[in-house]
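Enquirer: This is the structure I want to talk about, given as structure tokens.
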Amino acid sequence: LKREKPEEGEADLRRPHIPADKELRGFKVFFGVFDKARIADVVRRATRPLDEVEACEDAERGDLDGDTCFASLDLDAEGRPLFGTFAVSTLPWAMGRVRKEGLAALSSAAFAASRLDLAERLRNFEAQRQLDRPAGAPVIEALTVDEIARLTDALGDWAGFAPAPERPVAVVEVRFRPKPERPDRQALPPPEVRKGPVEADEIGILNSFFIEDIERAMAAVRAGKVPEALRQYLTPLQAAERLDLYTDEGRRTLIAALLPRPPTPGGWPGEPHHAMSLMQQFAINTAVSDADEDLLSVNGPPGTGKTTLLRDIIAENVVRRARVFSRLRSAREAFSERAKRFSFPDGDSISVSRLRPELTGYEMVVASSNNSAVENISRDLPKRESLGQASTLEYLQTVAHMVAAQEGDGSFTALDEKDRPWGLIACALGKSANREAFRQRFYFGEIKEKAEGTWSGDARPQNIREWLASYDGPGFTEAAAAFRAADADVEAALARYRRYADLHAATAGRSEADFCRKEQDALDAAAAARQGEQQAQEAALAEMSGLERRREDLREEERLLDRSQPAWWLRVLPTRAGRDHRQRIAANVEAQSAVNAALSETGRRIEKLKAASAQAAENHAGRLAAFRARRENWARMQAEREALATELGHPALPGRPEDIEAESFQIAGLWHSDDLAGRRAALFEAALGLHAAWLAEVGKGGGFGGNILAIVRLLSGKMPLDPTLVPVLWQSLFLIVPVVSTTFVSFARQF
């Protein structure tokens, strides 16, 4: 609708072309159309001192293509306004306020006050329409193009921001629907009268769903009380703390994280041969590890399996909680105290049991900004097609069928076999319509006489009360024993894989010589040392032999000197012969003394060398034994590795860290086998069986029935007077339904 030729647009609206198989349903008017690119101009002026604005401008520009508008309003098929559907955008109001007062003027409180002002303007507009109504005209007339223009001007005046003059005053969407072939059946839930504020899901176009969250975060930062997840989100890692997974160190980290060890024994029962990719495995193992991380980001393009990996995380979460159950001596031990009565605003009181802290903390919420995406996850997880063809897993299956297929008149939507639910593993909550639908079907669902036999399959759908009354499965003690057996079976299988991993790490890409290198080097060194000691000892013994021969020669010389000594008078008188004889005797004595000293020193040295040689020989014998043991260990490890490889189906493993870049490892990951996948799926099935057995035992007279009734009240918006009970009730719901989906918009208000 344009200002210069309003009659053209109005004529088109009065005579819209309606396809033959359709009927006119109504109109939707979008007031004050403007280009989203104007946001950049407003923000640039408001944040000009920030250097980052220019750097981010190009990146953000792509998000600002296209048109938006000030507000929207539904019209019926006659063109009459339905003012109760009026939805206003925060954006033009925020742009006008920023231009006048700056970014600091934006707050949820300020917008709430401005909405009151706008509501008053709309009431005045509606009242003026009635005053201007000609006598005898209908009580409510069709909206005119002139009135649309006046409303657009009023919105611009309210926001302090006006669309460009050349832009359309409004865009009108003509809405059709198929002509009905039969009367519509009542939809579930029935229309409800709203008495409180409009839910976040129903906030109109381009409003900030998260303004309260952002303001709470800002207040927490100002107060210095920042929750850990928010702190991690706001604080970038230092470069030294980051790890590039495509470096050698990163590849080693990948391989270490993918070792067949806990924490991922629970597995979703899909087709056993369907393996997670390497990076999916890494994401799962990292997400469910014991690392103290409150915030973990898993990124990837569409279709890379980010949603698929949730299944294994769900399975692991359920298995972990089942381990807590399995350690209880009885089902009632799940409660930390006896049931107490809690009051509700309508005057009723309900007995509620608080859960042991060890059973809490396993609650799972799947949330997104896309309502359809999260609802699809909650609706796809329980479908039979999400399981492997051979799986017979069931968990509250009849209740899940009631929730998935019942309609408002009590009959059921016909479901294909692949769409029929196998269990109540997840549900879609979030907006009030979803909560009401789940509440009605989960607790109150009935099959009226005229709806008998309208469901798919043989099993009759049940609400939770009927399921509790008819449960005939294993008792809690029996189910706990079955779970422990399945858990031990998986652990035994993992132990074999861990042993194979250790053998692979020790022997892959190595020869026997490489494996024994350290012991061989030590043996060679010991042999050299022993040889050196032996040679030193032999040299010392040879030296002693020489000294002994020298001593014998000197003794023989001494005897000869005695025999050849001069006559006594020649020895007494100072004759040359006597002097020479005395000198030879003195030299002999001195030489014998030196030789004897050398013999004594050499003897002591030989004793030391004998000890050292014996030690070297003993060390050599030890090194030789170690080398032989290492070589025998190599042979045993090779034999054990080959036997395990045959038993485990010859797992394909990288010989070097860089080998994981190969396509085969990237696609099929590491350590997957059909056998292990089957055991992990059986463990998940046993975990759900234990949950069901526990619920059956405590749900009918065992202390949990009041919790279920209080959950139903909570889902209808009836909050207990004691606010500390609210988390208990949510924890109780997650004990029945492990996964709940919601949009980010609804999250804060729901929980």
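Reading the sequence shown from the start, the letters are residues 640 to 1390 in our numbering. Beta carbons are placed, not taken as given, at the ideal position from N, Cα and C, and that holds for glycine.
1) Would you please state the rounded distance, in angstroms, between the beta carbons of V734 and V810? I believe it to be under 8 Å.
2) Determine the DSSP secondary structure at D706, reduced to helix, strand or coil.
3) With a threshold of 8 Å, are at least 3 pairs of Cβ atoms found where one atom belongs to the region 932-943 and the other to the region 1331-1349?
4) With 16 other CB atoms within 10 Å as the buried threshold, where does L873 fall?
5) Kindly give me the distance between the Cβ atoms of S982 and L1353, rounded to whole angstroms, as I take these residues to be in contact under 8 Å.
6) Between the Cα of E976 and those of L994, D985, K1157 and S746, spot the shortest distance and give me the residue it belongs to.
7) If you drop the 5 nearest sequence neighbours on each side, which residues of the same chain put their C-beta closer than 6 Å to that of R870?
8) In the region 941-973, which residue ranges form an unbroken alpha helix (DSSP H) of at least 4 residues, counting only runs that do not cross its ends?
9) Quick check on the burial criterion: 16 or more other C-beta atoms within 10 angstroms. Buried or exposed for M857?
10) Give me, in chain order, the residues of the same chain whose beta-carbon lies closer than 7 Å to that of Q1176; leave out the 5 immediate sequence neighbours on both sides.
11) For H1259, is the classification buried or exposed, using 16 other Cβ atoms within 10 angstroms of its Cβ as the cut-off for buried?
12) How many Å lie between Y1034 and F1051 at the Cα?
13) Should R1280 and L1142 be called a contact, given that it needs their Cβ atoms to be closer than 8 Å?
14) So does the region 656-676 actually touch the region 712-729, counting three or more Cβ pairs closer than 8 Å?
15) Mind checking which residues open and close the beta strand (DSSP E) that includes M915?
16) Find out if the Cβ-Cβ distance for the pair L745, V737 is shorter than 8 Å.
17) Between R1078 and V1351, how many whole angstroms is the CB-CB distance? I'm expecting something under 8 Å.
18) Of the residues E1091, E1014, E717 and L1054, which one's Cα is nearest the Cα of A1076?
19) So, are the CB atoms of L1054 and S1095 less than 8 Å apart?
20) Looking at A1065 and V784, is the spacing between their C-beta atoms short of 8 Å?
21) What does a CB cutoff of less than 8 Å around R1394 pick up in its chain, not counting 5 residues either side in sequence?
22) Use the C-beta contact count for W1310: other C-beta atoms within 10 angstroms, 16 or more gives buried, fewer gives exposed.
23) Would K834 be called buried (16 or more neighbouring beta carbons within 10 Å of its own) or exposed?
24) Rounding to the nearest angstrom, what Cα-Cα distance links E1105 and Q919 in this structure?
25) To which residues does DSSP link T1382 through a beta bridge?
26) Evaluate the contact criterion for the region 1295-1305 versus the region 879-892: three or more CB pairs, one atom per stretch, below 8 Å.
27) Pair every Cβ in the region 1320-1329 with every Cβ in the region 948-961, then say whether three or more of these pairs are closer than 8 Å.
28) In angstroms with no decimal places, state the Cα-to-Cα distance between A1387 and T1381.
29) Pick helix, strand or coil for K675, following the three-state DSSP scheme.
30) Per DSSP, I1433 forms a beta bridge with which residues?
31) Helix, strand or coil for A1065, going by three-state DSSP, please let me know.
32) Identify whether K864 lies in helix, strand or coil by the three-state DSSP scheme.
33) Using the rule of at least 16 other Cβ atoms within 10 Å of the residue's Cβ for burial, across every protein chain shown, is D713 buried or exposed?
34) Rounded to whole angstroms, what is the Cα-Cα separation between A801 and Q767?
35) Going straight from the alpha carbon of F1154 to that of P1366, what length do you get?
36) What is the rounded straight-line gap between the Cα of R968 and the Cα of T1116?
Expert: Based on what the coordinates show:
1) Looking at the sequence itself, residue 734 is Met, so the reference to Val does not match. That pair is no contact at about 19 Å.
2) Looking at D706 - three-state DSSP - the assignment turns out to be strand.
3) Because the criterion of three Cβ pairs below 8 Å is not met, the region 932-943 and the region 1331-1349 do not touch.
4) Result: exposed.
5) S982 to L1353, Cβ: 14 Å. No contact.
6) Among L994, D985, K1157 and S746, the Cα nearest to that of E976 is on L994.
7) If you ignore the 5 residues before and after R870, its C-beta comes within less than 6 Å of no other C-beta in its own chain.
8) Taken in chain order, the whole alpha helix (DSSP H) runs of length 4 or more contained in the region 941-973 are 947-965.
9) Exposed is the call here.
10) Result list for Q1176: I1245, L1248, K1249 and S1252, in chain order.
11) The Cβ neighbour count for H1259, taken over all protein chains shown within 10 Å, is at least 16; the residue is labelled buried.
12) In a straight line, the C-alpha of Y1034 is about 20 Å away from that of F1051.
13) In this structure, the beta-carbon distance from R1280 to L1142 falls below 8 Å.
14) Note that the region 656-676 touches the region 712-729; at least 3 beta-carbon pairs, one per stretch, sit closer than 8 Å.
15) From DSSP, M915 is part of no beta strand (DSSP E); its letter is neither H nor E.
16) Yes, these two residues count as a Cβ contact at 8 Å.
17) Right, the Cβ-Cβ distance comes to about 6 Å (below 8 Å), so this counts as a contact.
18) Scanning E1091, E1014, E717 and L1054 for the CA closest to the CA of A1076 turns up E1014.
19) Cβ atoms of L1054 and S1095: closer than 8 Å.
20) Not closer than 8 Å, so no.
21) In the structure displayed, the chain extends from 640 to 1390; residue 1394 sits before or after that span and is not available.
22) Buried is the call here.
23) Here the model assigns K834 a pLDDT of 35, short of 50, so the residue's position is not dependable and the matter cannot be decided.
24) Annotation: E1105 to Q919 spans about 40 Å, alpha carbon to alpha carbon.
25) Answer is S1007, bridged to T1382.
26) With the cut-off at 8 Å, the region 1295-1305 and the region 879-892 touch.
27) Yes: the two stretches touch, three or more of their Cβ pairs being nearer than 8 Å.
28) Between the alpha carbons of A1387 and T1381 lies a distance of about 10 Å.
29) Coil at K675, not helix or strand.
30) This structure gives no information on residue 1433, because the portion of the chain shown stretches from 640 to 1390.
31) When DSSP states are grouped into helix, strand and coil, A1065 belongs to the strand group.
32) Here K864 sits in coil by DSSP.
33) D713 sits buried, since 16 or more C-beta atoms from the chains shown fall within 10 Å of its C-beta.
34) The C-alpha of A801 lies about 23 Å from the C-alpha of Q767.
35) Whole-angstrom Cα-Cα distance: 57 Å.
36) Answer to the nearest angstrom: the Cα atoms are 8 Å apart.
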